[in-house]
Amino acid sequence: MNQLQIEALLKEVSQGRVDVADALDRLRDLPFEDLGFAKLDHHRALRTGMPEVIFASGKTTWQVAEIFARMARAGGNVLATRVSPEMFETIQAAEPRDRKVRAEYHETARAITLAQAPTVPGKGTIGVVCAGTSDLPVAEEAAVTARLMGNAVEVIADVGVAGIHRLLARKDSLQSARVLIVCAGMEGALPTVVGGLVNAPVIAVPTSVGYGASLGGVAALLGMLNTCTPNIAVVNIDNGFGAACMASLINHL
């Protein structure tokens with residue numbers, strides 16, 4: 000439950016449209032629900048403004064589906080990252096038939112979303128930029144996450160520094176964004192170039208794209224950490240989700 004949902008519930012109680020017993024039932028699983036194999040932090044959105052998210056990698060299909068169903072039942076928006084098509088099929092098959100909004104699978108992002116609760120809109124646009132098409136899974140993970148958190152998002156793809164004219168052709172979009180997420184593999188140069196073109200925060204995401212000496216994204220990570228552009232912060236390799244969370248917080252300030 001997020002702040003908007005709590006406020007709406009309290010308003011319904013004060014107006015007599017929901018009785019106290021029903022309200023207590025809805026709040027019963029705060030602050031967390033113990034499933035035995037997982038403890039769901041339903042209180043996180045109220046504390047931090049962002050709900051708990053399911054990281055599916057390493058979990059079984061049954062575990063992901065069960066966590067997703069419990070979080071959906073609590074009434075908030077639900078996001079699962081690094082999911083397989085089989086996980087989505089299981090979640091989809093278990094959805095209640097009377098649910099007005101259905102879970103959605105984002106193939107490139109490898110994510111599942113259920114947008115069933117209101118969110119506070121961000122103050123501007125988050126630009127999600129990626130160097131090459133191979134970086135799109137990380138960029139799309141960031142875009143899907145940021146949208147579910149109430150942000151307007153514009154994706155600018157395949158604008159790496161090897162063809163810098165492609166990036167400069169989107170300069171107006173870059174400069175109109177309130178915060179930017181820039182994903183790049185190989186040598187990781189793109190965030191430095193973008194950071195030198197805009198007066199907004201840039202969150203750099205190194206990706207594990209590249210040949211042998213890229214070391215699975217370590218080369219891009221080190222390049223971004225050593226950037227000469229001062230408006231850049233760096234998250235972990237392939238962490239589009241984390242970049243989106245930080246960008247959303249900035250966009251809501």
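Under the working numbering, think of the first position of the sequence shown as 0, with each following residue one higher. Positions of the beta carbon are idealized from the N, C-alpha and C atoms, including for glycine.
For residue i, which residues of its own chain have a beta-carbon under 8 Å away from its beta-carbon, when the five flanking residues on both sides are left out?
i: Leu252; result: Lys122
i: Ile163; result: Val192
For residue i, I'd like the list of residues in its chain whose CB is within less than 7 Å of its CB, leaving aside the five on either flank, ordered along the chain.
i: Cys227; result: Thr191
i: Asn250; result: Gly121, Lys122, Gly123, Ile125, Asn150, Arg177, Val178
i: Asp134; result: Cys182, Ala183, Gly184, Thr206, Val208
Whose C-beta lies closer than 6 Å to the C-beta of residue i among residues of the same chain, with five residues either side of it excluded?
i: Val52; result: Leu78
i: Val40; result: A small correction: the amino acid at residue 40 is Asp; Val does not occupy that position in the sequence shown. The residues are Phe31, Glu51.
i: Met148; result: Ser247
i: Tyr104; result: Phe87, Ile111
i: Thr144; result: Phe240, Ala243
i: Arg146; result: Val152
Can you tell me whether residue i is helix, strand or coil according to DSSP?
i: Thr226; result: coil
i: Leu147; result: helix
i: Glu85; result: helix
i: Leu252; result: coil
i: Val17; result: coil
i: Gly211; result: helix
i: Gly131; result: coil
i: Leu34; result: coil
i: Thr124; result: strand
i: Thr107; result: coil
i: Val193; result: helix
i: Glu11; result: helix
i: Glu186; result: coil
i: Pro136; result: helix
i: Ala199; result: coil
i: Glu6; result: helix
Under 8 Å, do residue i and residue j count as touching if we go by C-beta distance?
i: Ile202; j: Ala142; result: no
i: Val197; j: Leu173; result: yes
i: Ile236; j: Leu220; result: yes
i: Met185; j: Val208; result: yes
i: Ile66; j: Ala44; result: no
i: Gly131; j: Gly159; result: yes
i: Thr124; j: Val154; result: no
i: Leu34; j: Arg69; result: yes
i: Ala183; j: Ala199; result: no
i: Leu3; j: Val181; result: no
i: Ala55; j: Thr80; result: yes
Would you kindly work out how many angstroms separate the C-alpha atoms of residue i and residue j, rounded to a whole number?
i: Ala239; j: Ala161; result: Looking at the sequence provided, one finds Gly at residue 239 rather than Ala. Gly239 and Ala161: Cα-Cα distance of roughly 22 Å.
i: Ala108; j: Glu94; result: 21 Å
i: Val19; j: Ser13; result: 9 Å
i: Ala156; j: Val128; result: 6 Å
i: Val255; j: Asp21; result: This structure cannot settle anything about residue 255, because the visible part of the chain is limited to 0 through 252.
i: Leu189; j: Asp171; result: 17 Å
i: Glu139; j: Val100; result: 21 Å
i: Lys58; j: Val137; result: 20 Å
i: Thr89; j: Thr60; result: 7 Å
i: Val63; j: Leu9; result: 31 Å
i: Glu106; j: Pro84; result: 8 Å
i: Gln91; j: Asn225; result: 44 Å
i: Ala71; j: Pro229; result: 41 Å
i: Gly187; j: Tyr210; result: 13 Å
i: Asn76; j: Ala102; result: 10 Å
i: Thr47; j: Ala7; result: 18 Å
i: Arg96; j: Ala212; result: 51 Å
i: Arg98; j: Val82; result: 22 Å
Practice task
Mind the definition here: the segment 211-222 touches the segment 162-179 only if three or more C-beta pairs lie below 8 Å; say whether that holds.
Solution key: Touching, no.
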